[in-house]
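Everything below concerns the one structure shown next.
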Amino acid sequence: MTELKNDTYLRALMREPVDYTPVWMMRQAGRYLPEYRKIRATAGDFMSLCRDAEFACEVTLQPLRRYPLDAAILFSDILTIPDAMGLGLYFETGEGPKFERPITCKADVEKIGIPDPEDELGYVMNAVRTIRKALNGDVPLIGFSGSPWTLATYMVEGGSSKAFTKIKKMMYTDPQTLHLLLDKLADSVISYLNAQIAAGAQSVMVFDTWGGVLSPRDYKDFSLQYMAKIVDGLTRFADGRAVPVTLFTKNGGMWLEDIAATGCDGVGLDWTIDIETAKARVGDKVALQGNMDPSMLYASKERIEQEVSKILAGFGNGGTGHVFNLGHGIQPDVNPDNAGYFIESVGRLSKPYHQK
Ligand code: 1CP
C-alpha cells in the first residue's frame with residue numbers, strides 16, 4: 001500500500017469529507033501547453049508519444065508542474081483498444097483519428113478478438129507503471145477507457161463523425177452485429193481497465209463522448225447497458241483502498257438516475273445541466289464531476305471566478321461528493337494562465353463549503 005500525500009480526489013469520489021473541492025481538467029495534458037507541443041514534436045506523432053512510457057510520463061506530469069491539480073490522468077487515448085484489435089489507427093494532420101480497416105459487417109466483427117492488455121496494449125501498462133512511480137504518491141493516477149458505444153462509433157464510421165450515419169444504419173438494420181461488437185468491446189474494456197488498476201491506476205473513468213447522440217431507448221440498449229457491464233466487471237478495491245469508477249456521458253443529463261443506478265461511484269457532467277439539479281436528482285447515490293463549460297476559459301479572470309463560485313454554490317454546503325472539472329476537454333487555444341486561474345479559484349473559493 002502506497003501512502004498518498006493528497007487523496008482529496010479519491011475521498012471526494014467516495015463522498016468522504018475533504019478540506020476543499022478537488023479539481024482536475026479533462027485533457028489537462030495537451031496542445032494548449034507549449035511544453036506539450038515541444039515533446040510532441042520530438043516524438044514525431046501522437047501515437048509515438050503514447051507508445052513511449054517516458055514520453056507519456058513526461059506529458060502526464062507537465063500540467064501538474066504548473067498547477068495545483070488533485071489528480072493526474074494517464075496520457076494515452078481511447079482509440080488504443082480498436083488499434084489493438086487490428087483496425088490500423090492513424091492520424092492525418094488536422095483531421096483527427098482514422099482507421100485503415102473500419103468495421104463494415106458481421107464478418108468483420110467476428111474476426112476481432114479481445115486484446116491482451118499486457119501484450120498488444122503492454123505499452124499502456126508500462127506508461128501506467130512509469131507514471132505511478134514518477135508521481136511518488138503526490139496525487140492519484142486516473143486510468144481511462146472509451147465506452148463501448150463511443151469506441152464503436154469510431155470503428156464503424158472509420159474516424160470522427162458528425163451525423164453517425166454508418167453506425168446508426170447498422171443499429172437499425174443489423175442490431176445483432178452491433179450488439180456483438182459492443183459486447184466484445186465491453187469485455188475488452190473490463191480487461192484493459194483491470195490491467196490499468198493492477199499496474200497502478202487508483203481510479204478509472206469511462207468516456208462516453210457520443211452516448212448523447214442516441215434516443216433515450218437506444219442509449220439504454222446500446223450504451224448504458226454495456227457501461228453497466230463494465231462497472232460490474234471492474235476491480236473496485238486495490239492497494240488497500242477503494243478504486244472509484246466515474247462514468248461520463250456527454251449530453252447525458254437526461255439519464256442521470258439510470259447512470260447512477262449502474263453502481264458507479266461518480267458521474268461526470270457536461271455544462272448543459274445545472275449541478276444543483278443534478279445533485280438533487282442523484283447526489284445521495286453518487287459523487288458528481290464537473291461542470292464548467294471549457295469555453296469559459298476564454299473569458300476574463302473575473303468571469304471565470306464568477307462561474308466557479310456559481311458552480312460551487314450550486315453544489316452547496318456539505319460539499320463533499322464534488323470533483324470540480326470542465327464539462328469536456330480543454331480547448332487547444334486556451335491561455336494556460338487562465339487554466340491556472342481556474343484551478344486556483346476552485347481551491348480558494350471551495351474551502352468555506354467544507355468547514356466542519
Ligand atoms: O497532439 C495531438 O495532436 C493529439 C491530440 C490528442 C490528445 C492530446 C488526441 C487525439 N488524444 C489525446 C489525449 C487524450 N485523449 C487523453 C489524455 C489525457 C488527458 O485528459 O490529459 C484522453 C483522456 C483522451 C480521450 C479521448 N480521445 C476521448 C474521450 C474524451 C473526450 O475528449 O471526449 C475521445 C473522443 C478521443 C478521440 C480522439 N483522440 C484524439 C482526438 C483529437 C480525438 C477526438 C476526435 C473527435 O473529436 O472525434
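Start counting the sequence shown at 1; every next residue gets the next number (the UniProt record's numbering). All residues carry an ideal CB built from backbone N, CA and C; glycine is no exception.
- For residue 197, the CB contacts under 7 Å within the same chain, skipping 5 residues up- and downstream, are 143, 204, 235, 238, 243 in chain order.
- Our two residues, residue 61 and residue 130, have alpha carbons roughly 11 Å apart in a direct line.
- Residue burial annotation: residue 251 is buried, with at least 16 other C-beta atoms found within 10 angstroms of its C-beta.
- Under the Cβ criterion (8 Å, minimum of three pairs), the region 302-319 does not count as touching the region 220-233.
- By the Cβ neighbour-count rule, residue 162 is exposed, with fewer than 16 other Cβ atoms within 10 Å of its own.
- The criterion of a C-beta distance shorter than 7 Å is not satisfied by residue 354 and residue 9.
- Residue side-chain check: residue 160 places its Cβ nearer than 6 Å to a non-hydrogen atom of ligand 1.
- Following the DSSP letters along the chain, one finds residue 191 in no beta strand (DSSP E) but inside the alpha helix (DSSP H) bounded by residues 175-199.
- Short note on residue 78: C-beta closer than 6 Å to some heavy atom of ligand 1.
- At least one heavy atom of ligand 1 falls within 6 Å of the beta-carbon of residue 97.
- Selection 138, 42, 202, 228 evaluated against residue 56 yields 42 as nearest (Cα-Cα).
- Annotation for residue 329 indicates a beta carbon within 6 Å of some heavy atom of ligand 1.
- Collapsing the DSSP output to three states places residue 14 in coil.
- Burial check for residue 37: the Cβ neighbour count within 10 Å stays below 16, so the residue is exposed.
- In this structure, residue 67 and residue 287 do not form a Cβ contact; the two beta carbons are roughly 22 Å apart against a cut-off of 8 Å.
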